[in-house]
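Q: Quick note, the sequence shown lines up with residues 243 to 346 if you use the numbering used here.
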Amino acid sequence: MIQINIHSDSDVKSLEIPNDIGINLMELLKAEAYETIEGTCGGMALCATCHVKVTDSIPSLSEPSNDELDMLETLPFIYYESRLACQIKLNEDIQQLNIEIIKN
Ligand code: FES
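#1: Nearer than 7 Å: is that true of the beta carbon of Thr282 relative to any heavy atom of the ligand FES?
#2: Beta-carbon separation of Leu317 and Ala290 under 8 Å?
#3: Within 10 angstroms of the Cβ of Ser324, are there 16 or more other Cβ atoms? Answer buried if so, exposed if not.
#4: Measuring only the C-alpha atoms, how far is Ile248 from Asn340?
#5: Mind checking who Gln245 pairs with in its DSSP beta bridge?
#6: Count the other C-beta atoms from every protein chain shown that fall within 10 angstroms of the C-beta of Glu269, then say buried if there are 16 or more, exposed otherwise.
Have a look at this one:
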């Protein structure tokens, strides 16, 4: 199981999902109806409408790819913890994620 704590406004939602669910974080957040997560490009790292902050993870996530970094740099502002949710695969490599939904 993967524990995911989602911070949005002053709210925190905690989910436990199977690690063989076969989706990425963007798809999960869309399914949970977070409206600011649009995922316009369908997870191709081409739109940055799935921008989130990953404030903590167990174990640490691998570094973003050059394609992910290039797309993040097109945003008006980014954070040290910024990631594209579509590039985070929810699989057995992750035990826990703490993320923050960024308001547009
Ligand atoms: S869904 Fe387009 S960059 Fe993530």
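Note that the Cβ used here is the ideal one computed from N, Cα and C, for glycine as well.
Treat the numbers as computed from the prediction; the structure is a model and nothing was measured.
A: Let me spell this out:
#1: Checking the Cβ of Thr282 against the ligand FES gives yes.
#2: Yes, they are a contact pair.
#3: It counts as buried.
#4: Just so you know, the alpha carbons of Ile248 and Asn340 end up roughly 6 Å apart.
#5: Bridge partners of Gln245: Glu258, Gln338.
#6: Buried, by the Cβ-count rule.
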